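A.B. asks: Protein chains in written order, with our numbering: chain A, 756 to 1698; chain B, 54 to 522.
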Amino acid sequence: MRTSYFLLFSWAGLIFGQSFDASAGAVFKAKCVACHGAAAQGKLDLRTEEGVLKGGTSGPVVVPGAAAKSLLLDHVVTGQMPPGKVKLTDAEMDVIRGWVNKLPAEVAAVVPEHEVRGILQARCVACHGSGKASGGLDLRTLASRLKGGKSGPALVPGKPEESLLYKRIVDGQMPPEKAAKALAVELPTPSETEKIRAWIAAGAPGPAAVAAASGVSEKDKQFWSFQPPVRPRVPVTKGLARNPIDSFLLAKLEAKGLGYSREADKLALLRRASLDLTGLPPTPVEITAYLADTSADAYEKLIDRLLASPRYGERWGQHWLDLAGYSDSEGFGQDDGVRRFAWRYRDYVIRSLNADKPYTQFLTEQLAGDEISDDWRKAKGTVGLDILDRLAATGFLRTTPDPTNSAERGLLSERMNIVADELEVLTSSVMGLTVGCARCHNHKYDPIPQRDHYRLSAILQGAYDPYEWRTPNKRELDLALESERQEYDLANAPLQADVKKIQEQIAKAGEPFRAQLLEERLKTLPEEVRADLKIAPEVRNEAQKYLAEKFKSTLTINEQELVRKYPEYAREVQPLQRELQTLRGKMRPKPHVRVLTDNAEPSTHFLLRRGEPASFGEVVEPGVPVVLTNAALKPYAAEPLFAGTTGRRLGLAKWLTQPNHPLTARVAVNQLWMRHFGRGIVSSVSNFGRSGMAPSHPELLDWLATEFVARGWSMKAMHRMMMTSQAYRQSSKVDAALLAADPENALVSRMPLQRMDAETLYDSLITAAGRLDATAYGPPSELDIRADKEVTVKAGKDGFRRSIYVLHRRQTPVSLMDAFDQPSMTPNCTERRRSNVATQALHMMNGSMTWELAKYMAGRVIDDADGDRARQVELVYLRALSRRPAEAEVKTGMDAIASFKESWPARLTADNGAEPRASTAGWLAVANYCHAILNSAEFSFVD
Amino acid sequence: MSKTNRRDFFSSVANGLHGAALASLLGGDLYANGGVFDLTPKKPHFVPKAKAMIQLFMNGGPSQVDLFDPKPMLTKLAGTAPSKELSFAISNGETPGVLMPSPFEFKKHGKSGMELSNAMPHLADCVDEIAVIRSMYGEHANHEPALFLMHSGRTIASRPAIGAWVAYGLGTENRNLPAYVVLDDPKGLPINGISNWQSAWLPPIYQGTRFRTEGPPVLNLEPRPEIPTPLVEAERNLMRKLDAAHLAARPYQPELDARISSYELAARMQMAASDALDVNKETEATREAYGLNAVATASYGKRCLMARRLVERGVRFVQLYIENQIFDSHGDIQGSLNYACGKTDKPVAALLKDLKQRGLLDSTLVVWGGEFGRLPISQGLGSKAGRDHGPNGFSIWMAGGGVKGGTTFGSTDDIGFKAAENRVSVHDLHATILNQLGVRHRDLVYERHGLKERLTDQFPARVVTEVLA
């Protein structure tokens, strides 16, 4: 940059050589000094060169050497100045441009301390920081640099050539390349080294004060979603309003001469509510019981029963995991490394939802579970579920792809991508804001200046210090439940014993060879040393100990060398080694917990120009978007409750969970609303900003938000309220008139008819077939990747576990669910999309899973129906479609089964299997029928 | 529904005419706007030049001044500071870089003498087939909105993709394959994900269908071998019956309609798709030409070859995506473009030659381009400098389907920053594409909320006749 400006100035200087009065001054005199002369409007006097350079109330009006950056030119070129009709001519503008461009550019500014600090953080503190301070040297602060380490002060102000800090870098001694590579540190660039030199040469000045302009106006803060929700008055309506939700919805409908659709059938409602709250269809027993319950509040009781079901947490846990961007893998490359203990977070979410934890607590634990209490720090080995859950909760901010276990992919830029992704997860899911663009520049549509992005990421700096990075495998704590430890010990004990046995065998086999090799090596040494070295370690005297240390490498014999040197030894031990490997593969991993914890003294956080990793702008302190600060809200402040943590995330949780926070409750209830009604009141659920959509029912949104708070942030209370409204009970039927009046159902004049999402479909398939293994929690089910790359799930002895308990690997999603739009977490998913394409039909019709499930389902239906064909059809309907078949449907089913049965004996005969052919044909014919029913539109669509 | 009627209905479903059949059975229109939606071939507004289109979408924003639009002035002004306007074009609050010449060399090629950079040596052999538009301009400098603009005509997320419009307007020639096929990169979905090929408020039968390009293109294409063949058909007949009854009780639900279509199509695809997508049926020479034998080109080459096989079989619209955003050259302009072109140049040229040799180029419109171009100033320093997004002026090219090969149309300013002469908007491009397919963009409408919706919306748009034969 400097070179280029230099070129420009000299070029300009050749052309424009005139004085101020002869050039720009003349133009100013003609067009500007009427106001900017003696009158000095805006304190700007353009009569003299000094006056122009001094500037006015708007600050400097010219940047010497850079017309393009000068306010004066900007105002003139854009026609803002002079006001009135008389403008500058192009020639006049050129004159001013020329004059400004030839002004000598200001002497290169002194390199500010913060830039040097940034460079040192990026290149040095991985060794010379809070973590290990190699050589006793901590380079993070001016004081610590002056203090230096074992080799003396790192810094001699004013004398770069005498400063070790600079010398070692210039000499190429630091950073040591090997260590840098291992720690994924890039070497300082020449310009960075030059900056360090210049800063020292200038006397190593200390940090300057941070600028304070926020870039956000009071007007910006007036936008509806940045103002706290105010509880609106509930309108009076003609139609039946079971609760205020209905009042708000009906008010709008009635204003258009519309009303609700009629109530859905009892069974349609049962299926809708069951799938909605538990993700599973009702069982035949539940259907019978519900039909038998004719009390006035049968439906309300149903909702209460479903909310109390442990299946509720599994269904709504999936919604939350979407927001969090949950995955069981790191997400990069072919190996897509598995996160062994990610499932603890999934379990935490399910447990919390089932317990109806207040949303505020739920959020606080996820943002700062480790900062709430330090009980876990004192624990050794085993802890209680409460502590373990609080730690696992921090998995919320540990979901995004993280390739940094590999040093090659762990460079600063990658680390910063991870932090930015985590921030996107946080803001899109909980705050309804898009801040991603502010990583590189001020948000173009919302009042989110770039600095706000960095204020937010500074909150994460304790947990994600990009300069003193912790790789994923260093983010596990050796803590588990007592029972898990016991199970682990128990499961591994026999394997452990075998391992020990084999290790002993290997050692024994190696003895003669070791002795031989040692002898050979010792031969190269003088006789007297040889004797001393042969003394057994435990009886060595001081001199012998010294010698042993000195000749350590001679005495140490490693396994590989033995194998290389003695083929007969290799032949003997290699099978043993393989066996050892197999045994180790069988061992369970020691139960740990994945956790986000703080470095209590994180590196300085900077605004990064353009978002580039080593373009250090101003120093930024943790904080929240300025547009969300107002007098009614308590300001953000870190809350370090105990030593060893910054308390920054806990501070964020406290700030977010204030009852009058403008976004937290609104965004949460809008998410719930979208899942129940098909679209959000704010349809852009992750964007409540100016570029998002306006709420369709603003009063309803605010009423729900305030009600949520009033009900102690109980999510179950909100489900109950939404689902017991008359709105939710509407039919999904639509006719031409209604479609014309409310084409996109923005007024909620009916319920949407929707295809099940991927997980509900999968769970419903295994449930209808009777293959659901309802085991909750714990490590996920493994995948089975077939030769044609179809990914399926491995069934256990008791069947298939629910989709939420299936290993979620980014590179190998389960094909069936992938086809039905299960999201790939990049980094999270705030709203599901539903496609409707032929490849889905192929999975359902031709996939092995549906056919296997159909056969299993047929077997159970036959078992339970005692050979009564009509009863078989009825059971299929009840299990798959949650209703009894009509008479005609029974007949269709029986006819179909009868005709299917005719085609099987030929095949069975051809296969020449052992099964009885007639009864097998009967079973497979029912399987065909089940297969068709599972493939019907009625099965996968919800009224 | 009477018995006879029902039989008629099922036979018409089997013939893919269920939409029309249903509408008549229900005694009225299926939808409020009076349309009946299916994928049967529709009559275009006039005799089309192109029957099909292949869109080679170059994710990331290819740099025009390094590929198609030589700017000697950049060499002269190298290192100087940009104008205020150009400085403003970069993301807010950033220090702009300096004018940066292209590290690539431009040469004239073919009979037309079209200038191309040496980043694309293979395309250089095909310049007389392509028409480059150097004066494209967009509306937004961020990927997401720019992608939406390029695919759907607006920078917002909720409008149908151009492929969906084409499927809606023209249906498909081959009922056994989807009208609109997407061949995305096996390494992952592009930015905006499946929204890139959404039908939005157009009925869902028009959305793009993704075919996998690694492993079998379509999983579970064949019926289960253990089920006797007559039973596959018998089961399907039962499903048709069940679904028809289900649908009849639920009128005005386009998703259900689309779902029936998807099952019908799936059944027919069993026969057609494995053949259509099996690139092993090609000769070794063809496979070599598309770069299937080299690591760099194998993935994109396979998609290009699949695209040819699909249009050959009457698929209306094939859309190819490229991994991540390989044309998003923020750093190392030379290295990143060599990487991107190294993957795509050879397959793209092979596709053009192959289409031509088979006599398909005349009836297939090929469009190459990204969501925007790049700025003529540097981003970052030294040899690692790249370029930032530049929506104000960029290049795309079209070929085949009535396009006048060897044409270079429009220009950017002296430094390649803004489209200058004969500016072409994205709406103009859309109008031109539709025109080649025999569709007047003003007349391809879908009624919604009482409005006539169009791909080109209410924007002025003109057919760029200058690039047409």
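Glycine residues also receive a C-beta, built at the ideal position from the N, C-alpha and C atoms. Keep in mind that this is a model prediction, so the values were computed, not measured.
Can you have a look at isoleucine 770(A) and say buried or exposed, based on whether 16 or more other CB atoms are within 10 angstroms of its CB?
C.D. replies: Position 15 of the first sequence, counted from the start, is the residue given in the question as residue 770(A). A caution first: isoleucine 770(A) carries a pLDDT of 40, below 50, which makes its placement in the model unreliable, though a value can still be read off. Exposed: under 16 other Cβ atoms inside 10 Å.
A.B. asks: Give the C-beta separation of serine 1104(A) and leucine 1076(A) to the nearest angstrom, bearing in mind that I take them to be a contact with Cβ-Cβ under 8 Å.
C.D. replies: Here the question's residue 1104(A) lines up with position 349 in the first sequence. Here the question's residue 1076(A) lines up with position 321 in the first sequence. Checking the sequence, you will find valine at residue 1104(A) rather than serine. That pair is a contact at about 6 Å.
A.B. asks: Would proline 213(B) be called buried (16 or more neighbouring beta carbons within 10 Å of its own) or exposed?
C.D. replies: On the second sequence, position 160 is the one that residue 213(B) refers to. Proline 213(B) comes out buried.
A.B. asks: Could you give the residue range of the alpha helix (DSSP H) that holds aspartate 1576(A)?
C.D. replies: If you number the first sequence from 1, residue 1576(A) lands on position 821. That residue, aspartate 1576(A), is in no alpha helix (DSSP H); it is neither H nor E in DSSP.
A.B. asks: Helix, strand or coil for aspartate 1539(A), going by three-state DSSP, please let me know.
C.D. replies: Here residue 1539(A) is taken as the residue at index 784 of the first sequence, counted from 1. Strand at aspartate 1539(A).
A.B. asks: From the DSSP secondary-structure annotation, give me the bridge partner or partners of tryptophan 1131(A).
C.D. replies: Mapped onto the first sequence, residue 1131(A) falls at position 376. None, per the DSSP bridge assignment.
A.B. asks: Can you confirm whether proline 281(B), when its beta carbon is compared against all beta carbons of chain A, has any partner nearer than 7 Å?
C.D. replies: Locating residue 281(B) in the second sequence gives position 228, counting from the first residue. True, the Cβ-Cβ gap to chain A drops below 7 Å.
A.B. asks: Is there a Cβ from chain B that is less than 7 Å from the Cβ of tryptophan 979(A)?
C.D. replies: For the purposes of this step, residue 979(A) is identified with residue 224 of the first sequence, where counting begins at 1. No, its Cβ sits nowhere closer than 7 Å to a Cβ of chain B.
A.B. asks: Any beta carbon from chain A within less than 7 Å of glutamate 506(B)'s own beta carbon?
C.D. replies: Within the second sequence, the letter at position 453 stands for residue 506(B). It does not; no Cβ of chain A falls within 7 Å.
A.B. asks: Does threonine 1594(A) have its Cβ less than 7 Å from a Cβ in chain B?
C.D. replies: Locating residue 1594(A) in the first sequence gives position 839, where the first residue counts as 1. So, interface residue.
A.B. asks: When you compare only the Cα positions, how much space is there between methionine 359(B) and glutamine 372(B)?
C.D. replies: Position 306 of the second sequence holds residue 359(B). Position 319 of the second sequence holds residue 372(B). Distance between the alpha carbons of methionine 359(B) and glutamine 372(B) is about 11 Å.
A.B. asks: Indicate whether at least one CB of chain A lies closer than 7 Å to the CB of asparagine 145(B).
C.D. replies: One-based indexing of the second sequence puts residue 145(B) at position 92. Confidence at asparagine 145(B) is low in this model, with a pLDDT of 45, below 50, so the placement of that residue should be treated as unreliable; the coordinate-derived value is given next. So, interface residue.
A.B. asks: Between glutamine 378(B) and chain A, is the shortest Cβ-Cβ distance under 7 Å, so that the two count as touching?
C.D. replies: Locating residue 378(B) in the second sequence gives position 325, where the first residue counts as 1. For glutamine 378(B), no CB of chain A lies under 7 Å from its own CB, so it is not counted at the interface with that chain.
A.B. asks: Just to confirm before moving on: does the CB-CB distance between proline 1218(A) and aspartate 1001(A) stay below 7 Å?
C.D. replies: Along the first sequence, one-based indexing puts residue 1218(A) at 463. Along the first sequence, one-based indexing puts residue 1001(A) at 246. Reading off the sequence, residue 1218(A) comes out as alanine, not proline. No, the pair does not count as a contact, with Cβ atoms beyond the cut-off.
A.B. asks: Residues in its own chain within less than 7 Å of alanine 934(A) by CB, not counting five upstream and five downstream?
C.D. replies: One-based indexing of the first sequence puts residue 934(A) at position 179. Excluding residues within five positions, the ones whose Cβ falls inside 7 Å are Cys882.
A.B. asks: When DSSP labels each residue in this structure, what does isoleucine 186(B) get in the three-state scheme?
C.D. replies: Residue mapping note: residue 186(B) aligns to position 133 of the second sequence, counting from 1. It is a strand residue.
A.B. asks: Looking at C-alpha atoms only, which residue of Ile1042(A), Thr1412(A), Ala1028(A) is the closest neighbour of alanine 1465(A)?
C.D. replies: Residue numbering aside, residue 1465(A) sits at position 710 when the first sequence is read from its first letter. If we check each option's Cα against that of alanine 1465(A), Thr1412(A) comes out closest.
A.B. asks: Starting from valine 271(B), find everything on chain A with Cβ-Cβ shorter than 7 Å and list it in chain order.
C.D. replies: The residue given as residue 271(B) occupies position 218 in the second sequence. Thr1594, Leu1597, listed in chain order.
A.B. asks: The alpha helix (DSSP H) with threonine 1337(A) in it runs from where to where?
C.D. replies: As a first step, residue 1337(A) is located in the first sequence; it is residue number 582 there, counting from the start. First-last of the alpha helix (DSSP H) with threonine 1337(A): 1322-1341.
A.B. asks: Among Leu309(B), Arg362(B), Pro123(B), Gly388(B), which one has its Cα closest to the Cα of glutamate 48(B)?
C.D. replies: The first residue shown for chain B is 54 and the last is 522, placing residue 48(B) beyond what the model contains.
A.B. asks: Entirely within the stretch 109-192 of chain B and at least 4 residues each: give me those alpha helix (DSSP H) ranges in chain order.
C.D. replies: 117-120, 125-129, 137-142
A.B. asks: Helix, strand or coil for isoleucine 1617(A)? Go by DSSP, reduced to three states.
C.D. replies: Counting from one through the first sequence, the residue named residue 1617(A) turns up at place 862. Isoleucine 1617(A) falls in the helix class under three-state DSSP.
A.B. asks: Check whether the Cβ of leucine 1494(A) lies closer than 7 Å to any Cβ atom in chain B.
C.D. replies: Mapped onto the first sequence, residue 1494(A) falls at position 739. Cβ-Cβ to chain B under 7 Å: yes for leucine 1494(A).
A.B. asks: For threonine 758(A), which residues from the same chain have a beta carbon less than 7 Å from its beta carbon, with the 5 sequence-adjacent residues on both sides left out?
C.D. replies: Position 3 of the first sequence, counted from the start, is the residue given in the question as residue 758(A). With a pLDDT of 38 at threonine 758(A), under the threshold of 50, the predicted position of this residue should be treated as unreliable, and no value is reported.
A.B. asks: Report the residues of the stretch 1598-1615 of chain A with a CB closer than 8 Å to any CB of chain B, ordered along the chain.
C.D. replies: His1598, Met1600, Asn1601, Gly1602, Ser1603, Trp1606
A.B. asks: Pull up the distance between the alpha-carbon of glycine 961(A) and that of leucine 897(A), whole angstroms please.
C.D. replies: Taking the first sequence and counting its residues from 1, the one referred to as residue 961(A) is at position 206. Taking the first sequence and counting its residues from 1, the one referred to as residue 897(A) is at position 142. C-alpha separation (whole angstroms): 7 Å.
A.B. asks: Quick one: which chain A residues come within Cβ less than 8 Å of tyrosine 316(B)?
C.D. replies: Position 263 of the second sequence, counted from the first residue, corresponds to residue 316(B). Those within 8 Å of tyrosine 316(B) in chain A are Ala1593, Ala1596, Met1600, Asn1690.
A.B. asks: Report the rounded CA-to-CA distance for glutamate 424(B) versus glycine 1072(A), giving the unit in angstroms.
C.D. replies: As a working mapping, residue 424(B) is identified with position 371 in the second sequence. As a working mapping, residue 1072(A) is identified with position 317 in the first sequence. So the two alpha carbons sit approximately 37 Å from each other.
A.B. asks: Quick check on the DSSP output: what are the complete alpha helix (DSSP H) runs of length 4 or more inside the stretch 455-521 of chain B, in order along the chain?
C.D. replies: 479-489
A.B. asks: Check the DSSP bridge columns for leucine 1363(A) and list the partner residues they point to.
C.D. replies: In the first sequence, the residue the question calls residue 1363(A) occupies position 608. Answer is Phe1371(A), bridged to leucine 1363(A).
A.B. asks: Figure out for me which residue from Pro400(B), Asn391(B), Glu337(B), Gln489(B) has the closest Cα to the Cα of lysine 355(B).
C.D. replies: Taking the first residue of the second sequence as position 1, residue 355(B) is located at position 302. Of the listed residues, the one whose Cα sits closest to lysine 355(B) is Pro400(B).
A.B. asks: Check whether chain B comes within 7 Å of phenylalanine 771(A), counting only Cβ atoms and requiring the distance to be less than that.
C.D. replies: Your numbering for residue 771(A) matches position 16 in the first sequence. Only weak support exists for where phenylalanine 771(A) lies, its pLDDT of 41 falling under 50; the coordinates are left without a value.
A.B. asks: DSSP three-state label for aspartate 1048(A), please.
C.D. replies: Taking the first residue of the first sequence as position 1, residue 1048(A) is located at position 293. Reduced to three states, the DSSP call for aspartate 1048(A) is coil.
A.B. asks: From the DSSP output, read off the bridge partner residues of glutamine 432(B).
C.D. replies: Position 379 of the second sequence holds residue 432(B). Answer is Gly439(B).
A.B. asks: Suppose the cutoff is 8 Å on Cβ atoms and the five residues either side in sequence are ignored; what does the same chain contact list for arginine 1364(A) look like?
C.D. replies: Taking the first sequence and counting its residues from 1, one reaches residue 1364(A) at position 609. If we look at arginine 1364(A) and ignore the five residues flanking it on each side, its Cβ neighbours are Ser1370, Phe1371, Gly1372.
A.B. asks: For a test of the three-state rule: what should DSSP assign to leucine 843(A), helix, strand or coil?
C.D. replies: Sequence index remark: in the first sequence, residue 843(A) carries index 88 (1-based). Coil at leucine 843(A), not helix or strand.
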